[in-house]
Amino acid sequence: MLEEEYEKKRRLPFHLRRRPEPEGPFSYVIRAAEERDIPDIREIYNYYVRNSVVTFDEKVWSIAQWREKFAFLRKLDLPFLVAQSPS
564 MLEEEYEKKR
574 RLPFHLRRRP
584 EPEGPFSYVI
594 RAAEERDIPD
604 IREIYNYYVR
614 NSVVTFDEKV
624 WSIAQWREKF
634 AFLRKLDLPF
644 LVAQSPS
């Protein structure tokens with residue numbers, strides 16, 4: 564082992580440490596998805612299709628496919644929720 568690995572890492576005493584900035588209030592709104600949300604939903608979903616394994620899809624979805632899915636879920640009266648940020 565290197566000599567510096569034996570030394571305990573020095574830390575400021577708790578009362579001298581910089582306090583983290585407090586987080587702002589949670590201000591997102593959870594609401595039912597609307598037709599105008601489909602392009603944004605597609606953009607977010609397709610990012611995860613291309614860059615992760617969190618979906619079972621291997622190909623990105625088109626806006627037409629999302630509109631079809633949205634209409635199908637609405638017909639079945641199933642919820643389709645989105646989180647809307649204040650900005």
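With my numbering, the residue at position 33 of the sequence shown is 596, and numbering never jumps.
Note that CB positions come from ideal geometry on N, CA and C, so glycine has one too.
- Message: Is the beta carbon of Val612 closer than 8 Å to that of Asp620?
- Response: Yes.
- Message: Rounding to the nearest angstrom, what Cα-Cα distance links Pro583 and Pro576 in this structure?
- Response: Cα to Cα, the separation comes out at about 15 Å.
- Query: For Phe633 versus Ala596, is the C-beta distance shorter than 8 Å?
  - Reply: Less than 8 Å divides the Cβ of Phe633 from the Cβ of Ala596.
- Item | Distance between Ser650 and Leu639 (C-alpha atoms, nearest Å) | One C-alpha to the other measures close to 31 Å.
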